[in-house]
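**Q** Throughout, our numbering is defined as the position within the sequence shown, counted from one, plus 525.
Heads up, the beta-carbon is just placed ideally off N, CA and C, and yes, glycines get one too.
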Amino acid sequence: MTEYNGWPNRFTWTISLYCESREDVLSLREYLEEIAASLPLPASDLLESAIGEVNWCELERAFAPDDKTD
């Protein structure tokens with residue numbers, strides 16, 4: 526996939542809209558995975574595919590606290 530609004534892809538960009546911190550990223554991922562597991566087929570397959578397209582590592586890095594101290 527190509528870059529989308531500065532993010533690796535549209536799925537990652539969309540998730541970024543709902544996050545303000547690394548904890549938000551982790552919570553949202555866990556929430557989506559729980560929802561996907563509870564859905565019937567084919568809805569669960571579709572959501573799991575979308576979750577798999579998200580670059581979670583990139584999101585965690587982007588929302589990680591800045592360790593620099595002045």
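1) Do residue 572 and residue 557 have their CB atoms nearer than 9 Å?
2) Along the chain, where does the alpha helix (DSSP H) that runs through residue 537 open and close?
3) Give the single residue among 562, 545, 565 whose Cα lies nearest to the Cα of residue 587.
4) Is it buried or exposed for residue 560, if we count other Cβ within 10 angstroms and need 16 for buried?
5) Under the assumption that residue 534 contacts residue 580 (Cβ atoms under 8 Å), give the Cβ distance between them as a whole number of angstroms.
**A** Result, derived from the coordinates:
1) Yes.
2) It spans 535-541 - the alpha helix (DSSP H) in which residue 537 sits, taken as one unbroken run.
3) Ranking 562, 545, 565 by Cα distance to residue 587 puts 545 first.
4) Exposed is the call here.
5) Contact flag correct, Cβ pair sits at about 7 Å.
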